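Chemist: Let me begin by handing over the structure; questions about it come next.
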Amino acid sequence: MQMTMRWFGPGHDPVTLQQIRQVPGIVGVITTLYNKLPGERWEVAEIKALKETVEKSGLKLSGIESVNVHDAIKTGGAERDKYIDIYIETLENLGKQDIHLVCYNFMPVFDWTRSDLAKMREDGSTVLAYDQKAIDAINPDDMFASISKQSGGHTLAGWEPERMARLKELFAMYKGIDEEKLLANLGYFLTRLMPVCEKYNINMAIHPDDPAWSVFGLPRIVTGKEKLLRILQNVDNPHNGVTLCTGSLGSNPQNDIPDIISALKGRIHFAHVRNVRHTAPGVFEESAHLSSDGSLDMFAIMKALYDIGFRGAVRPDHGRAIWGETGMPGYGLYDRALGVAYLNGLYEAIDKMS
Ligand code: DNO
Numbered sequence: 009m010q011m012t013m014r015w016f017g018p019g020h021d022p023v024t025l026q027q028i029r030q031v032p033g034i035v036g037v038i039t040t041l042y043n044k045l046p047g048e049r050w051e052v053a054e055i056k057a058l059k060e061t062v063e064k065s066g067l068k069l070s071g072i073e074s075v076n077v078h079d080a081i082k083t084g085g086a087e088r089d090k091y092i093d094i095y096i097e098t099l100e101n102l103g104k105q106d107i108h109l110v111c112y113n114f115m116p117v118f119d120w121t122r123s124d125l126a127k128m129r130e131d132g133s134t135v136l137a138y139d140q141k142a143i144d145a146i147n148p149d150d151m152f153a154s155i156s157k158q159s160g161g162h163t164l165a166g167w168e169p170e171r172m173a174r175l176k177e178l179f180a181m182y183k184g185i186d187e188e189k190l191l192a193n194l195g196y197f198l199t200r201l202m203p204v205c206e207k208y209n210i211n212m213a214i215h216p217d218d219p220a221w222s223v224f225g226l227p228r229i230v231t232g233k234e235k236l237l238r239i240l241q242n243v244d245n246p247h248n249g250v251t252l253c254t255g256s257l258g259s260n261p262q263n264d265i266p267d268i269i270s271a272l273k274g275r276i277h278f279a280h281v282r283n284v285r286h287t288a289p290g291v292f293e294e295s296a297h298l299s300s301d302g303s304l305d306m307f308a309i310m311k312a313l314y315d316i317g318f319r320g321a322v323r324p325d326h327g328r329a330i331w332g333e334t335g336m337p338g339y340g341l342y343d344r345a346l347g348v349a350y351l352n353g354l355y356e357a358i359d360k361m362s
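To convert a position in the sequence shown, counted from 1, into this note's numbering, add 8.
Okay, here's the thing in structure tokens:
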């Protein structure tokens with residue numbers, strides 16, 4: 009297992025590489041060119057500069073999260089081949105810089121969705137939370153306004169203002185796109201990527217939909233075991249794999265995460281390990297990583313990853329805001345560092361007892 013943390017890059021992340029390096033057991037960061045919009049090509053010089061910045065700090069660039077996918081690809085629109093060509097060039101440029109892991113998502117219009125970015129808990133910490141009733145009561149424009157108001161001035165991953173300014177147009181693009189079409193469009197995209205992935209040994213790792221069900225009437229296809237298996241079987245190539253995000257899949261209490269991990273053996277290329285607390289149907293909050301603070305059994309999750317032989321990049325996921333830290337919602341240093349320490353402890357125990 010390679011323990012990593014997400015880092016949003018120079019000028020975007022208030023957490024520094026030096027701070028990350030001081031977290032015990034961290035070997036690398038998962039990062040991105042944060043200013044790139046979906047559909048833009050990543051140039052060699054930009055990737056090189058990012059990599060050098062990371063490596064100068066003594067860390068490895070362990071993978072990219074995310075190279076975002078243009079909506080023309082997701083909808084199978086007229087321009088999809090043009091944008092797939094650009095995506096392939098980006099992969100080629102990443103491969104040439106010895107980068108072999110790319111996390112992406114195939115969620116229509118929105119990336120992750122929350123109703124509250126700072127829900128106050130009993131102990132005074134704040135967490136990201138979701139309440140389906142609040143989402144049902146809001147329209148997508150107001151949703152974006154509410155998210156940006158709560159973002160503390162940061163641009164949040166997947167909520168780029170440039171895209172959100174075109175919400176109506178984006179929703180119109182998805183008219184007539186149901187789950188089957190979205191799945192077929194994903195298959196088309198992946199099939200075209202596989203040759204460049206094989207050439208440069210790049211593992212594509214699709215991120216589950218968060219939450220793991222449809223929002224605002226948009227189709228969602230990365231929500232549970234059957235659908236994940238279908239995505240893998242559709243393009244049955246080891247480079248077509250998954251980011252096993254326990255918090256996203258775990259938003260639905262019906263998802264048995266250790267069982268999903270076993271079913272995906274060999275095709276998990278990256279893991280986001282965090283806990284959620286289910287409070288009512290369609291209502292959850294992001295708890296501390298500790299099993300007893302949430303609804304997921306983190307030991308069973310780490311054990312399942314260990315048992316399938318997963319030794320790739322892992323990162324803790326969203327942390328609570330604690331100890332007065334202000335920063336990007338979900339991505340402060342302190343609670344994620346606690347998460348790392350806990351996951352390292354679980355892993356050491358599992359390893360020594362196996
Ligand atoms: C949110 C993240 C997502 C994730 C993308 C992957 O914190 O988990 O934005 O990075 O869905 O493409």
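C-beta: ideal position from N, C-alpha, C; glycine also.
Only a predicted model underlies this, so the values are computations on that prediction, with no experimental measurement involved.
Rounded to the nearest angstrom, what separates residue 164 and residue 336 at their Cα positions?
Modeler: About 8 angstroms.
Chemist: Have a look at residue 129 and residue 123 and give me their C-alpha separation to the nearest angstrom.
Modeler: Their Cα atoms are separated by approximately 15 angstroms.
Chemist: Measuring only from the beta carbon, is residue 76 closer than 8 angstroms to any heavy atom that is part of the ligand DNO?
Modeler: Yes.
Chemist: Could you tell me which residues DSSP pairs with residue 249 in its beta bridges?
Modeler: Partner(s): 213.
Chemist: For residue 199, does the three-state DSSP call read helix, strand or coil?
Modeler: Here residue 199 sits in helix by DSSP.
Chemist: Is residue 113 close to the ligand DNO? I mean its beta-carbon at under 8 angstroms from any heavy atom of the ligand.
Modeler: Checking every heavy atom of the ligand DNO against the Cβ of residue 113, one is found closer than 8 angstroms.
Chemist: Less than 9 angstroms between the beta carbons of residue 38 and residue 318, yes or no?
Modeler: Taking 9 angstroms as the Cβ cut-off, residue 38 and residue 318 do not qualify as a contacting pair.
Chemist: Taking only three categories from DSSP, how would you classify residue 70?
Modeler: Three-state DSSP puts residue 70 in a strand.
Chemist: Give me, in chain order, the residues of the same chain whose beta-carbon lies closer than 6 angstroms to that of residue 217; leave out the 5 immediate sequence neighbours on both sides.
Modeler: Cβ neighbours of residue 217 beyond the five flanking positions: 115, 228, 230, 231.
Chemist: Less than 9 angstroms separating the beta-carbons of residue 35 and residue 10?
Modeler: In this structure, residue 10 lies closer than 9 angstroms to residue 35 by Cβ.
Chemist: Residue 109 lies in the beta strand (DSSP E); which residues open and close that run?
Modeler: Looking at the DSSP string, the run of the beta strand (DSSP E) that includes residue 109 is 109–113.
Chemist: Compute the minimum distance between the beta carbon of residue 98 and the heavy atoms of the ligand DNO, and state whether it is under 8 angstroms.
Modeler: The answer is no for residue 98.
Chemist: Which residues does DSSP list as the beta-bridge partners of residue 291?
Modeler: Note: residue 291 sits in a beta bridge opposite 139, 288.
Chemist: For the region 249–263 against the region 140–147, do three or more pairs of beta-carbon atoms, one drawn from each stretch, fall closer than 8 angstroms, so that the two count as touching?
Modeler: These segments do not touch.
Chemist: Quick one: residues in its chain with C-beta nearer than 7 angstroms to the C-beta of residue 47, no 5 flanking neighbours on either side, listed in chain order?
Modeler: Hits under 7 angstroms: 78, 91, 94.
Chemist: Rounding to the nearest angstrom, what Cα-Cα distance links residue 2 and residue 174 in this structure?
Modeler: Nothing about residue 2 can be read from this structure; the chain reaches only from 9 to 362.
Chemist: My parser needs the alpha helix (DSSP H) runs of 4 or more residues fully inside the region 306–361; what are they?
Modeler: Correct list: 306–315, 342–361.
Chemist: Run the CB neighbour count on residue 207, radius 10 Å, all protein chains shown included, and call it buried at 16 or more, exposed below.
Modeler: Flag for residue 207 reads exposed.
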